[in-house]
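The block underneath contains the structure these notes are about, expressed in structure tokens.
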Amino acid sequence: MSLPDTILAPLARALAAKGYETLTPVQAAIIEDQTSGRDLLVSAQTGSGKTVAFGMAIAPTLLGDEDRFTSVGAPLALLIAPTRELALQVQRELEWLYAETGAKTASCVGGMDARAERRALERGAHIVVGTPGRLRDHITRGALDMSALRAVVLDEADEMLDLGFREDLEFILDAAPEDRRTLLFSATVPKPIAQLAKTFQRNALRISASNSAEQHSDIDYKLMLVPAAERENAIINTLLYFDSANTLVFASTREGVKHLSARLHNRGFDVVTLSGELSQAERTNALQSMRDGRARICVATDVAARGIDLPNLDLVIHADLPTNPDTLLHRSGRTGRAGRKGTCVIIAPMHRRAVAQRVLKTAKIDVTMMAPPSAEEIEARYRESILSNEMLNLPVAEEEAEFVSQLMARYSVEAIAAAYLRQQMAARPAPEDVSDAPVFDKPGDKDPRTKERFEGGTWFKVSVGRKHKAEPRWLLPMLCKAGNVTKTAIGSIRIFDTESIFEIAAPKADAFAKSVEKNGSGERGVTISAVDGPGERRAGPPPSQRRPEGPVERFDPDAQRPERADRKTRYGSAGLRPDDFADEPATEGWNPAAETPTSYAPKPDFDKPRAPKVSKAPPTKDKGKPKWAGKPADGAPPAAKKPKDHKPKRKPQV
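Here it is, written out as structure tokens:
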């Protein structure tokens, strides 16, 4: 298929030389006749070829009827990107796209030499690409002349707003001429983006080139559930299993990037890092190492989640679980770009399985479950790659023939093949040991909890109980984390006063005991140890739920109720019944078979009449007659006092 005729001739030749035969949906939609000269609000998913799209869209605005730029002076186009890497990548894309037009480009990004950028702007440039903060700085200092601008492009506008660049964007757009053309590109169009478009665009044409139903259809998503302590082992085995030409591993924090990259480097991998704490020169060198083949793995934070396009990037690994679906989509979008196929592996701890499923469901991604690659599977891949090595199919060269003959004369074919095999296996990193995690066909599948699973299980006890306010909803996560197991491996939990006992399925018991012995419970002052069995339990239901033996006596309303003393004699001085203790564990002093709890025996003097209380007079002092003197001994009330005659305080005036 040939490219459309609406593309300017110099750009069409550049696309053909680059190998373009067809355009992506966003590229085809942006060069239609109805978009000519208009402001555009475009939403398209990452990896859809947006850079080439807006490069083709603004070409008629910049060149007019000409095929080449005739002079150079103040910039004609300004392209704004959220990150340094994306800005420099946009500049590289536009350089080959506009190569035959004689266009000069300049970059203005943070972390680079500002004086060199000012000198480049003084020499003149047709297209300027930069980040919001550095562009605003050059405008404020008068180094960037905005008077001749014909087009302004905002790439990844939603990301720029998320990063807090709204004030800088408004400053830049206010400084641009009012008759400019404004193109706004965003993965989604939330309310802030719509408000920004309404304020700074004129009758913008809305173009939607993203289809949520076919989102990232070129990416094969896999969810891998692993014990929390084996996350790094699973990452290493995943890298060895897929053996991709280029791999991007995402971690959530800078410290996580440094730790993981050091671990991979020690295991023999060629690794570079990418995070916000690196200088721009270091970040540029890291990406260039990936492009040159000097490094095959890049461990990065979310700074690499937007716009980074690496050649032959076939694998993306989420070492840390993304916190929201947007982050997941943008990270994963580094692979499967522009029609290429890619694989995305999401590694989630078992105790965060529900979080992973919720993020995937919100992102509307079709994911398949995958168990961590075992050492046997990786070694099988090694042998297959050795057998299919292209070097084995090459004919023997003339200069090699003599030495090959000497080798075959001195050693047997089996010895030569064994030496070749040992050499190849020694050059490859050894896989790590991982546990046999449960594999589910679908993310929503549940592991059935049956009695058969816990036959022959092992009982453990933990040193917290009812007095410590222990309850299953916080005991269960603690036990899962301490033993590196899922909740499906834990059976019955019985909570007593000062301790609790629980059952572990037989296949997981040994691993649970080793993990607890190595790491403890994870809580201060809490210990976990094995016990012989579940402990003593009362046979049958509690007394309050037992059916009486023999004939059932009917209620007789005329029958005399027992006296209060009899009830207290029967149930103890506290007025409690054995039923009140039915849910409590068996304790010393209570015989369930007996009718009366021995710890609540009736007091011998319970029915003796009480003596009337006699108030004792307080000791008197030499302060005259006490107030209570003369009070009747039998408790009769004192005689009423004679009211006093009322005397006015003042005499009436005559």
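Each residue of the sequence shown is one higher than the one before, counting from 1 in full-length UniProt numbering. Note that CB positions come from ideal geometry on N, CA and C, so glycine has one too.
{"Asked": "Segment contact flag, the stretch 87-95 with the stretch 36-49, C-beta cutoff 8 Å, min 3 pairs", "Found": "no"}
{"Asked": "Rounded distance between the beta-carbons of Asp39 and residue 655, thought under 8 Å", "Found": "Past the edges of the chain, shown from 1 to 654, lies residue 655, and the structure says nothing about it."}
{"Asked": "Neighbourhood of Ser529 by C-beta, 7 Å cutoff - its chain only, sequence neighbours within 5 removed", "Found": "Phe460, Lys461"}
{"Asked": "Buried versus exposed, by CB contacts within 10 Å (16 or more), Met160", "Found": "buried"}
{"Asked": "Proximity winner among Arg353, Leu313, Glu523, Ala513, relative to Pro322 (alpha-carbon distances)", "Found": "Arg353"}
{"Asked": "Cβ neighbour criterion (16 or more within 10 Å) applied to Glu117", "Found": "buried"}
{"Asked": "Residue environment, Thr458, which counts as buried when at least 16 other CB atoms sit within 10 Å", "Found": "buried"}
{"Asked": "Assigned exposure category for Ser147 - 16 Cβ within 10 Å defines buried", "Found": "exposed"}
{"Asked": "Between the CA atoms of Arg383 and Gln406 - distance to the nearest angstrom", "Found": "27 Å"}
{"Asked": "Counterpart residues of Tyr420 in DSSP-defined beta bridges", "Found": "According to DSSP, which records beta bridges pairwise, Tyr420 is partnered with nothing at all."}
{"Asked": "Val396, buried or exposed, once every other Cβ within 10 Å from all chains shown has been counted against 16", "Found": "exposed"}
{"Asked": "Pick from Val272, Asp243, Leu274, Leu223 that is closest to Pro349, judged by C-alpha positions", "Found": "Leu223"}
{"Asked": "Assigned exposure category for Val345 - 16 Cβ within 10 Å defines buried", "Found": "buried"}
{"Asked": "Inter-stretch contact at 8 Å, needing at least 3 Cβ pairs: the stretch 95-107 / the stretch 179-197", "Found": "no"}
{"Asked": "Validate contact between the stretch 385-402 and the stretch 256-266 using beta carbons, cut 8 Å, 3 pairs", "Found": "no"}
{"Asked": "Boundaries of the beta strand (DSSP E) in which Asp220 is found, first to last residue", "Found": "219-226"}
{"Asked": "Where Ser261 falls: helix, strand or coil (DSSP)", "Found": "helix"}
{"Asked": "Gln357 versus Glu230: straight-line alpha-carbon distance, rounded", "Found": "20 Å"}
{"Asked": "Delimiting residues of the beta strand (DSSP E) encompassing His318", "Found": "313-318"}
{"Asked": "Rounded straight-line distance, which links the Cα of Ser332 to that of Val531", "Found": "47 Å"}
{"Asked": "Nearest residue (CA-CA) to Glu503, options Ile493, Ala53, Pro373, Asp497", "Found": "Ile493"}
{"Asked": "Proximity to residue 657 [Cα-Cα], best of Ser500, Arg524, Glu523, Phe165", "Found": "Residue 657 falls outside the range modelled here, since the chain spans only 1 to 654, and no answer is possible."}
{"Asked": "DSSP three-state assignment for Arg564, whether helix, strand or coil", "Found": "Caution is warranted here: a pLDDT of 47 is assigned to Arg564, below 50, making its placement in the model unreliable, and the coordinate value is therefore given only provisionally. Reduced to three states, the DSSP call for Arg564 is helix."}
{"Asked": "Distance, Val272 Cα to residue 655 Cα", "Found": "This structure does not reach residue 655, given that the chain is present from 1 up to 654, and the question cannot be answered."}
{"Asked": "Rounded separation between Ala363 and Pro190 - CA only", "Found": "16 Å"}
{"Asked": "Which listed residue (Ile495, Leu173, Ala234, Leu225) has its alpha carbon closest to that of Met369", "Found": "Leu225"}
{"Asked": "Beta-ladder partner(s) of Ala77, from DSSP", "Found": "Ile127, Ala151"}
{"Asked": "Exposure of Arg291, with buried meaning 16 or more beta-carbon neighbours within 10 Å", "Found": "exposed"}
{"Asked": "Through-space distance from Thr301 to Leu154, alpha-carbon basis", "Found": "23 Å"}
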